[in-house]
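Positions 7 to 957 (this note's numbering) are the ones given, in order, by the first sequence. Even glycine gets a Cβ: it sits at the ideal position worked out from N, Cα and C. Reviewing the structure listed below.
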Amino acid sequence: MTSWRTSDSAGLIPPHRYTAALAASIEQRWQNYWQENHTFDAPNPAGPLADPTGVANRSKLFVLDMFPYPSGAGLHVGHPLGYIGTDVYARFKRMQGYNVLHALGYDSFGLPAEQHAISTGIHPRVNTDSNISNMRRQLRRLGLGHDERRSVCTTDEEFYKWTQWIFLQIYNAWFDPSTSRARPINDLVAQFVSGERKTSEGKAWSTLTPAQKSLETDAFRLAYLSDAPVNWCPGLGTILANEEVTAEGRSDIGNYPVFRRNMRQWTMRISLFSDRLLGDLDRLDWPEPIKLMQRNWIGRSEGARVSFSSSAGAIDVFTTRPDTLFGATFIVLSPEHPLVIALTTEKHHKNVEAYISQAGASSDADRQNDSRAKTGVFTGSYAINPVTNQPIPIWIADYVLMGYGTGAIMAVPSGDQRDFEFARQFDLQILATQMPSADWFNQHDITPSDDCTTWPSAYVGEGDYVNSANDTLSLNGQRSISDAKNLINAWLTEKNAGEATVSYRLRDWLFSRQRYWGEPFPIVYDQDGLAYDLPESMLPVLLPELADFSPQLLDPMDSDSDPVPPLARVADWVTTTLDLGDGPRQYRREVNVMPQWAGSCWYELRYLDPTNTRQFVDPEVEKYWMGPASDGHTGGVDLYVGGVEHAVLHLLYARFWHKVLYDLGHVSSEEPFHRLFNQGYIQAYAYRDDRGQTVPAEKVKETNGTFTFDNEKVTREYGKMGKSLKNIVTPDEMYDEYGTDTFRLYEMAMGPLEASRPWNTRDVVGMQRFLQRLWRNVVDEETGLLTVSQDAIPETLLRQLHKCIAGVAADMEALRFNTAISKLIELNNGLTQHVNSGLSTPLDLIKPMVQMLSPLCPHLAEEIWALLGHETTITFEPFPIADPNLLISDTVEVPIQINGKVRSRILIHIGASQDELLTAATSDPKIIAALGGLVPAKSIVIVDRLVNFVV
RNA sequence: GCCGGCGUGGCCCAAUUGGCAGAGGCACCAGGUUUAGGACCUGGGUGUUGUGGGUUCGAGUCCCACCGCCGGCACCA
7 MTSWRTSDSA
17 GLIPPHRYTA
27 ALAASIEQRW
37 QNYWQENHTF
47 DAPNPAGPLA
57 DPTGVANRSK
67 LFVLDMFPYP
77 SGAGLHVGHP
87 LGYIGTDVYA
97 RFKRMQGYNV
107 LHALGYDSFG
117 LPAEQHAIST
127 GIHPRVNTDS
137 NISNMRRQLR
147 RLGLGHDERR
157 SVCTTDEEFY
167 KWTQWIFLQI
177 YNAWFDPSTS
187 RARPINDLVA
197 QFVSGERKTS
207 EGKAWSTLTP
217 AQKSLETDAF
227 RLAYLSDAPV
237 NWCPGLGTIL
247 ANEEVTAEGR
257 SDIGNYPVFR
267 RNMRQWTMRI
277 SLFSDRLLGD
287 LDRLDWPEPI
297 KLMQRNWIGR
307 SEGARVSFSS
317 SAGAIDVFTT
327 RPDTLFGATF
337 IVLSPEHPLV
347 IALTTEKHHK
357 NVEAYISQAG
367 ASSDADRQND
377 SRAKTGVFTG
387 SYAINPVTNQ
397 PIPIWIADYV
407 LMGYGTGAIM
417 AVPSGDQRDF
427 EFARQFDLQI
437 LATQMPSADW
447 FNQHDITPSD
457 DCTTWPSAYV
467 GEGDYVNSAN
477 DTLSLNGQRS
487 ISDAKNLINA
497 WLTEKNAGEA
507 TVSYRLRDWL
517 FSRQRYWGEP
527 FPIVYDQDGL
537 AYDLPESMLP
547 VLLPELADFS
557 PQLLDPMDSD
567 SDPVPPLARV
577 ADWVTTTLDL
587 GDGPRQYRRE
597 VNVMPQWAGS
607 CWYELRYLDP
617 TNTRQFVDPE
627 VEKYWMGPAS
637 DGHTGGVDLY
647 VGGVEHAVLH
657 LLYARFWHKV
667 LYDLGHVSSE
677 EPFHRLFNQG
687 YIQAYAYRDD
697 RGQTVPAEKV
707 KETNGTFTFD
717 NEKVTREYGK
727 MGKSLKNIVT
737 PDEMYDEYGT
747 DTFRLYEMAM
757 GPLEASRPWN
767 TRDVVGMQRF
777 LQRLWRNVVD
787 EETGLLTVSQ
797 DAIPETLLRQ
807 LHKCIAGVAA
817 DMEALRFNTA
827 ISKLIELNNG
837 LTQHVNSGLS
847 TPLDLIKPMV
857 QMLSPLCPHL
867 AEEIWALLGH
877 ETTITFEPFP
887 IADPNLLISD
897 TVEVPIQING
907 KVRSRILIHI
917 GASQDELLTA
927 ATSDPKIIAA
937 LGGLVPAKSI
947 VIVDRLVNFV
957 V
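Quick look at the structure:
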């Protein structure tokens, strides 16, 4: 028998070296072990997955990854970064005794599968299922410690039953402004019945027809049908949420043009929750940039509503600067403002009409191009400025947006640059209300004056108030802006001409999509078009089978045609006979479906209790995993890891749903995700030849900083991994070439989890070498026998071990896996020296080393653990604890500086006093020489740290 | 334009939070082992910490200005 075998490339490899092949066999064996032994099944306190003894006396930890969409392209090496990070953390916490819940399911409704179905004619479920099984296969090879029982898919009927159920909770709720809480709609009806709340026309509730009653309640429901401007995307055949439209006015998916038009659509009153969504951000442990993005998106601004009277009634404007009201010399309405027609005089009718149609025809993108000159037209009417009692002209202009504030502004050209430009353009009056500083006039090289005709631009800032007084109010003189605001707001309230108020940028959430592959709404309509919610017993409303998945074909630029959703074509599904309590009647089903965000708004709750058929989650189970940790704590997932791209989409929608469920008493947590961590992205280099074509990145060679492909010079760029850049590297390639543990280690070692960085396959080998050295320190590469001894650990190695334990534990707790790995390599390098000097590896050293390694490289750790004679998994072994006595040494090397430059070092005992340090430093020969007889003007002595002489 | 984030050896990245610029990996160089080879062993750090000022006994770290890259928002009243 030969002890050497030949490898493909060259040379001989010892039979028991830790190669990719050995790693693969170890890894698959342990993956099977974990699956067969249900190692990662997390016990619940109650419900179908209850195991009270498993729960007892352990702290819990809920670790969550953002819900993945099962893409047909499969995973590349960038995808698992976060999954590996959460797995390492979860395994680390299990070793610290926590009951850890870690699972991964699939957000499997969505446009790509449906687009695929349209082009191939294959049912999206077929494609979705095969994508999921491919992704499960790829993820299984990663060795993630997931509870497989909890891997739910949003497309599972038993899952979307509860998505529909939650929709109905939202539909049957309203927002009570007195408590800022969602309440059951029945409470509202009770208020109507008792007369405590007036109906819109003041009639008694009992006298209203059913249609009138539903009109009254629909005005309050948190999910409602509205006939409002929507983002219509003919290229996708569906409308989109504001959050799904890019700044360029195109669809986030597919980059098709998006048009504004009115359509009757399901909408959610998320805007009523603006204040809570904003305020509760302060109570969350989230990265500041994400909080900022949500704050910006919600866009709270404090100001005042001011009422201007006009021939068509009061025109309400919103302003953040009511203190400049005396300078409001004209009013501008959005072209879509409802009062425009009534305000337009005969003479200006033609101009206004032309302007409105011109504004409607131009896209949002055009309208928002701020380099464009201001446009607008006069309506012919005037409004009365409430503080001056003077008539001011009413204009319409497209720089005023209907979707923000009231769709009307008071223009103060002296204090707002846009208004200033507009006034100059159309020769409107500009009246100063604040005197700019002398500096400002100097800068613009003009003589100080409140005559704005001399001003080159508006003045924004603090300044003495001028021209701002009437008979009952004066702001004039030196005062702060906030002081002036308070004065004017009080005056407006007193005169009934306005009040201090708050405006938000966040608008209600457009919730229906004209597609097939989504959750059907649990809503039907009767002959009169009245909507009815279906009872829980009729859930789920299943998607019907469909022969043809195509939406009707529309030109991407066709902004006028009405969409016909695919479900509308399934006649025997759309029309249905149901008994909703008053005998069998014929109804028409809602033919829109929910957007992809619906499932991801609550999936984390289903992970908790995935097999519960009676409830979406058992309240006791929810409270255990997600309940508040203490008074004032929001509750929610203990650690949520994902990319930054969901900052204002998923993360805002899910918070909204969760708050509604909290208000209605279905969950005990106020927020879904208490701690959020944003992982970075792995990007990759890509290469182009001189014709600009991308070439396969893996075949590019580098020599002295120049890159060649087929001996042709190519240029390097840097970007997302993808087909178009030909720079994809898959986990499968890494498993084959290096093994999973090496791959996991490399992903974690290449930098901090939150940082984006380039992938470089050539660097992976460093981690494999580390594991090979570690393996070789434990196992004889030729015989495969254990080489561990019972010898005591030498003092230096023992100290190194405990320093390592302390460092690694702290690093893992803080998710700093890159530095934890470097500390483990350091320790192993120390051990390697010990072994190379002819000694063997002490058992007492390798045990804690393997324990520390196991969160990162669980397969290799399990294998060595078993070789050391253990019969059960290493998963629940306690994480090593450092002995504090071994962390401190007797002596320390202290640098001696002269003027901040290190000139010498001295070895001195720990805790040496300032005097001792000073004496030792001044008697050091190098320092005596460097000082050359000079007496230091000052000496800085920091115990155990340094001595610095200033001369 | 506004708001964030990041700039450290050739590359990916550390630095006890104001105290010796270097932990770890890749690459590179030299030597060892080897018939040879290296995924082995030993040794080697290659630098104006983006630039310019400031604070300080002392700045990669704090402050100001600028440059570059990345991200978010953008006529938001």
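Pairwise C-alpha distance: residue j and residue i
{"i": "GLU753", "j": "LEU87", "result": "6 Å"}
{"i": "ASP930", "j": "SER895", "result": "22 Å"}
{"i": "LYS491", "j": "LEU437", "result": "18 Å"}
{"i": "THR838", "j": "VAL627", "result": "48 Å"}
{"i": "GLU922", "j": "THR92", "result": "49 Å"}
{"i": "ARG519", "j": "ASN598", "result": "6 Å"}
{"i": "GLY875", "j": "LYS932", "result": "55 Å"}
{"i": "GLY111", "j": "GLU610", "result": "9 Å"}
{"i": "SER9", "j": "SER846", "result": "Model confidence at SER9 stands at a pLDDT of 30, short of 50, so the residue's coordinates are unreliable; what they give is reported in the following sentence. Near 22 Å, if we compare the C-alpha coordinates of SER846 and SER9."}
{"i": "HIS22", "j": "GLN778", "result": "10 Å"}
{"i": "ALA812", "j": "VAL908", "result": "29 Å"}
{"i": "GLU468", "j": "MET141", "result": "59 Å"}
{"i": "HIS808", "j": "ILE948", "result": "26 Å"}
{"i": "ILE138", "j": "PRO76", "result": "5 Å"}
{"i": "ASP433", "j": "GLN218", "result": "50 Å"}
{"i": "ALA888", "j": "PHE882", "result": "18 Å"}
{"i": "PRO526", "j": "PRO546", "result": "9 Å"}
Residue i vs residue j beta-carbon contact at 8 Å
{"i": "ILE529", "j": "ALA414", "result": "no"}
{"i": "PRO240", "j": "ASP564", "result": "yes"}
{"i": "GLU651", "j": "ARG661", "result": "no"}
{"i": "ASP113", "j": "GLY698", "result": "no"}
{"i": "GLU542", "j": "TRP272", "result": "no"}
For residue i, the residue or residues it bridges with in DSSP
{"i": "GLN903", "result": "VAL908, ASN954"}
{"i": "PHE68", "result": "LEU107"}
{"i": "ASP233", "result": "ARG270"}
{"i": "VAL323", "result": "VAL312"}
{"i": "GLU743", "result": "None, per the DSSP bridge assignment."}
{"i": "ASN43", "result": "In DSSP, ASN43 forms no bridge with anything."}
{"i": "MET441", "result": "ASP470"}
{"i": "HIS672", "result": "According to DSSP, HIS672 bridges with nothing at all."}
{"i": "ARG694", "result": "THR700, THR721"}
{"i": "ARG750", "result": "DSSP, once it has assigned bridges, lists no residue as partnering ARG750."}
{"i": "ALA475", "result": "SER480"}
When the options are compared against residue i, the one with the closest alpha-carbon
{"i": "VAL508", "options": "ASP457, GLY875, MET269, GLU308", "result": "GLU308"}
{"i": "GLN300", "options": "TYR741, LEU658, ILE138", "result": "LEU658"}
{"i": "VAL393", "options": "THR499, ALA888, ASP288, THR385", "result": "THR499"}
{"i": "ASN237", "options": "TRP211, VAL264, ARG227", "result": "VAL264"}
{"i": "TYR388", "options": "ASN395, ALA379, PRO399", "result": "PRO399"}
{"i": "THR169", "options": "ALA692, LYS665, TRP608", "result": "TRP608"}
{"i": "ARG266", "options": "ALA62, LEU516, ILE337", "result": "LEU516"}
{"i": "GLU760", "options": "LEU278, LEU821, THR746, ASP786", "result": "LEU821"}
{"i": "ASP281", "options": "TYR166, TYR510, GLU120, SER315", "result": "TYR510"}
{"i": "VAL69", "options": "ASN105, TYR230, TYR646, LYS209", "result": "TYR646"}
{"i": "SER910", "options": "VAL195, ASP738, VAL312, THR928", "result": "THR928"}
Element boundaries [beta strand (DSSP E), containing residue i]
{"i": "GLN592", "result": "590–595"}
{"i": "ALA537", "result": "537–539"}
{"i": "GLY53", "result": "Premise fails: GLY53 is in no beta strand (DSSP E) and is neither H nor E."}
{"i": "GLU505", "result": "504–509"}
First and last residue of the uninterrupted alpha helix (DSSP H) at residue i
{"i": "THR134", "result": "130–146"}
{"i": "LEU995", "result": "With the chain running from 7 to 957 in the structure shown, residue 995 is simply not present."}
{"i": "MET299", "result": "294–304"}
{"i": "GLY409", "result": "First-last for GLY409: undefined, no H or E at that position."}
{"i": "LEU552", "result": "First-last for LEU552: undefined, no H or E at that position."}
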